[in-house]
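The numbering used here numbers the first residue of the sequence shown as 5 and each following residue consecutively. A short write-up of the structure that comes next.
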Amino acid sequence: MLIGSNTSGPKDPWDALHGEHADYPLRAVVGREDDCNHYTDAAQKAIYAHALPLRKDFSVLDFGCGNGRWSLWFAPRVARVVGVDLSPEMVQAAWRLASEKNVKNVGFAVFKGGAAPFSDNSFDLVNCVWVLKYIPSDAEAVRTIVELSRVTKPGGYIAIIEQVNWSGARLLENEGYFQGKAHYRKPDFYIDAFRECGMHLEYHAITNASPLFGIYSRIRRALHAQDNAPLTTTLRCVTALSVQGDLLTGRMTRFRNGHHFFLFRKDGDTGEPGRLKIPKPLSSLVRVLSPFRGA
Ligand SMILES: C[S@@+](CC[C@H](N)C(=O)[O-])C[C@H]1O[C@@H](n2cnc3c(N)ncnc32)[C@H](O)[C@@H]1O
């Protein structure tokens, strides 16, 4: 399915990235290094599990869904997920992965920009990870933020992860991994733009803070070197411990540059008191003892 009309935006590089890494979905949307990919993906998902007040009856829009990394994570936790993306190749990959995993409550469509083809107040949660930085124009990024806010229900949420730069916006002509422009904005750009749309910041953390990551990657490399399958469980535990370190330090170190997680909530009384239940940071300690369920 194709929706939207405008052809602006970095379409071709994403199609190319998907093609290059068709058999390694994380490489197409996170980065080339598998160790780092695994960690980044796990750390982000741990923060989501920790901070998002998800409910089984939620409908979710995954804007810039790529090959479905988030849509497929949300699917078992909510009622339905719609993923849209500029890149037809990514959308095709998302359909394929959903079918391989037999996930039925997701749908994907190519979105060519312009007004989002959804009614006002359609979604309980809109997810948008690493998309706004690939919209180099501030005016266009704001237009997208207006659309994301419009389709969010009163009392609903928008979760974003964006690479930010505290000291000032940086416009990269070529990001490297992604062969195109990227705009690392100041966090206030997002906080202010969402506030203008009636969305208030509920939670703000960095997703890649932990000094444990260096230790983690060394252990991971050492274990990989032995190529010993039963050690996978150890690797998962090491990842889980490091990720929990990130959760505990993430809020404290959010004044660093990096990949920031923002959770916004739309004004408006949903008539559902107590719907927002952000867990205390310490509750994440308990999760260290639970089996790690990565991606
Ligand atoms: C780094 S990937 C992230 C994919 C996914 N959100 C994730 O975190 O795994 C960026 C994705 O955003 C999509 N994208 C970039 N600009 C977009 C826009 N204006 N509208 C919709 N999708 C866009 C790209 O096609 C690409 O699939």
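Glycine residues also receive a C-beta, built at the ideal position from the N, C-alpha and C atoms. These numbers come from a predicted model, not from an experiment.
Using the C-alpha atoms, what's the distance from residue j back to residue i?
i	j	result
residue 97	residue 70	8 Å
residue 46	residue 27	19 Å
residue 179	residue 92	21 Å
residue 161	residue 66	12 Å
residue 175	residue 140	7 Å
residue 116	residue 220	40 Å
residue 217	residue 259	18 Å
residue 133	residue 212	14 Å
residue 118	residue 34	26 Å
residue 270	residue 172	27 Å
residue 17	residue 124	31 Å
residue 63	residue 181	32 Å
residue 152	residue 195	14 Å
residue 36	residue 183	13 Å
residue 246	residue 238	12 Å
residue 2	residue 88	The requested residue 2 is not part of the displayed model; the chain covers only 5 to 299.
residue 120	residue 150	10 Å
residue 4	residue 72	Look at the range of the chain in this structure, 5 to 299, and you will see that residue 4 is not part of it.
residue 105	residue 142	37 Å
residue 38	residue 243	13 Å
residue 22	residue 126	29 Å
residue 24	residue 53	30 Å
residue 19	residue 263	23 Å
Quick one: what's got a C-beta closer than 7 Å to residue i's C-beta in the same chain, skipping five residues either side?
i	result
residue 107	76 and 79
residue 48	165 and 211
residue 261	168, 169 and 170
residue 190	168, 169, 170, 172 and 173
residue 9	Confidence at residue 9 is low in this model, with a pLDDT of 46, below 50, so the placement of that residue should be treated as unreliable; the coordinate-derived value is given next. Contacts found: 116 and 118.
residue 233	Residue placement at residue 233 is poorly supported in this model, since its pLDDT is 49, which falls under 50; the coordinates still yield a value, given next. Excluding residues within five positions, none has a Cβ falling inside 7 Å.
residue 281	Legend: pLDDT at residue 281 = 44, less than 50; position of this residue unreliable, value from coordinates given subsequently. Hits under 7 Å: 57.
Between the options, which lies nearest to residue i when the distance is taken from Cα to Cα?
i	options	result
residue 319	82, 89 and 91	With the chain covering only 5 through 299, there is no way to say anything about residue 319.
residue 148	158, 159 and 164	164
residue 167	101, 208, 111 and 31	208
residue 86	130, 182 and 55	130
residue 74	29, 37 and 18	29
residue 138	241, 188 and 21	188
residue 136	105, 20, 68 and 55	68
residue 185	192, 177 and 191	177
residue 193	169, 183, 182 and 206	169
residue 56	245, 205, 246 and 249	205
residue 268	72, 245 and 128	128
What does a CB cutoff of less than 6 Å around residue i pick up in its chain, not counting 5 residues either side in sequence?
i	result
residue 298	Residue placement at residue 298 is flagged as unreliable, the pLDDT there being 36, under the threshold of 50; the coordinate-derived value follows with that caveat. Correct list, in chain order: 46.
residue 61	83
residue 272	158 and 159
residue 110	75, 79, 85 and 102
residue 99	112
residue 122	155
Measuring only from the beta carbon, is residue i closer than 6 Å to any heavy atom that is part of ligand 1?
i	result
residue 73	yes
residue 70	yes
residue 142	no
residue 65	no
residue 91	yes
residue 138	yes
residue 94	yes
residue 133	yes
residue 99	no
residue 18	yes
residue 115	yes
residue 300	Look at the range of the chain in this structure, 5 to 299, and you will see that residue 300 is not part of it.
Can you find at least 3 beta carbon pairs, one from the segment 218-227 and one from the segment 24-44, that sit closer than 8 Å?
The segment 218-227 is in contact with the segment 24-44.
Looking at C-beta atoms only, is the number of pairs between the segment 128-146 and the segment 191-202 that lie closer than 8 Å three or more?
yes
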